[in-house]
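Asks:
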Amino acid sequence: MKKIQNPFSPQMVEQIKAGLERYDSLQKKDGFIKLAELGWYINGSMTLAHSAWLMDMAIENEIEKINRDLLSHYKEEMLNRVKFLAKSKSKRYLIIKEAIECHLLGKYHASVALFLSQADGLSNGLLFITRNNKKDLKKFVAEEKGNKFFGDILDAILRINKIDEYFSKELHGSTELNRHAVLHGYDTDFGTELNSLKAYSLLLFVDDFLENPKM
């Protein structure tokens, strides 16, 4: 029987191992949580190296670098997804397709509101802060802890960040995207490209990682 050769050289194995160790180290420093505090979430198409770099930048509070990188990433991701959604027959995904079309036309007030509402719907109402303080979401994430990789990623949505905290009068316009203020009409200054892509990043995070069997 012919022996199957290992396709990875020892150097490549060491590089992969070092990359995984760096990723794990940054995650333990709350890298994904700090990224979420800035209003950004990762999605399923990101590499471990890209995710690690984003965590590193979030820990260092390199906001402008993160914004530039994710503006580019999610613009490309949006164009890729709209091609896929064009074939979808689901009513929800037709709404998301319409939201993407609004974004591409620069109608950011519409796209932000649609992305946020559909993220809420995809999570079956588990995502945003309620009177039970995310109890049901915490229970769901706890069940995913058997899968350490995805369980650790989901920790990012257990904290109360600006995007999902209860509306406060201390919020000032589009620099702090807040779901309650947007969807209840309290904020009228949220219609920016940056906020639209942040809302889109949350939607993809939910669609890619928060697989609720009750949805």
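Take 0 as the starting number for the sequence shown in numbering that gives the first Met the number 0 and just add one per residue.
By construction, the Cβ of each residue, glycine as well, lies at the ideal position given by its N, Cα and C atoms.
Model, not experiment: these values are computed from the prediction.
(1) Can the beta-carbon of Tyr-22 be found closer than 8 Å to that of Ala-51?
(2) Alpha carbon to alpha carbon, how far is Cys-101 from Leu-113?
(3) Of all the alpha helix (DSSP H) runs that stay within the bounds of the region 49-96, which reach a length of 4 or more residues?
(4) Cα separation between His-179 and Asp-163?
(5) Compute the beta-carbon to beta-carbon distance between Asp-135 and Leu-125, rounded to the nearest angstrom, for a pair I have assumed lies under 8 Å.
(6) If you count every other CB in all the chains shown that lies within 10 Å of the CB of Ser-71, and 16 or more means buried, which is it?
(7) I need the DSSP call for Ile-41, collapsed to helix, strand or coil.
(8) If you compare alpha carbons, which of Met-77, Leu-209, Asn-42, Ala-109 is closest to Asp-184?
(9) Nearest-angstrom Cα distance between Gly-43 and Thr-191?
(10) Measuring only the C-alpha atoms, how far is Leu-93 from Lys-28?
(11) Tell me the residue span of the alpha helix (DSSP H) that contains Ile-32.
(12) Roughly how many angstroms lie between the CA atoms of Asp-55 and Leu-25, to the nearest whole one?
(13) Would you identify the three-state DSSP class for Asp-23, choosing helix, strand or coil?
(14) To the nearest angstrom, how far is the alpha carbon of Val-205 from that of Ala-35?
Replies: A quick look at the data gives this:
(1) yes
(2) 9 Å
(3) 62-84
(4) 7 Å
(5) 5 Å
(6) exposed
(7) coil
(8) This sequence places Gly at residue 184; Asp is not what is there. Here the closest residue by C-alpha is Ala-109.
(9) 24 Å
(10) 38 Å
(11) 30-36
(12) 7 Å
(13) helix
(14) 13 Å
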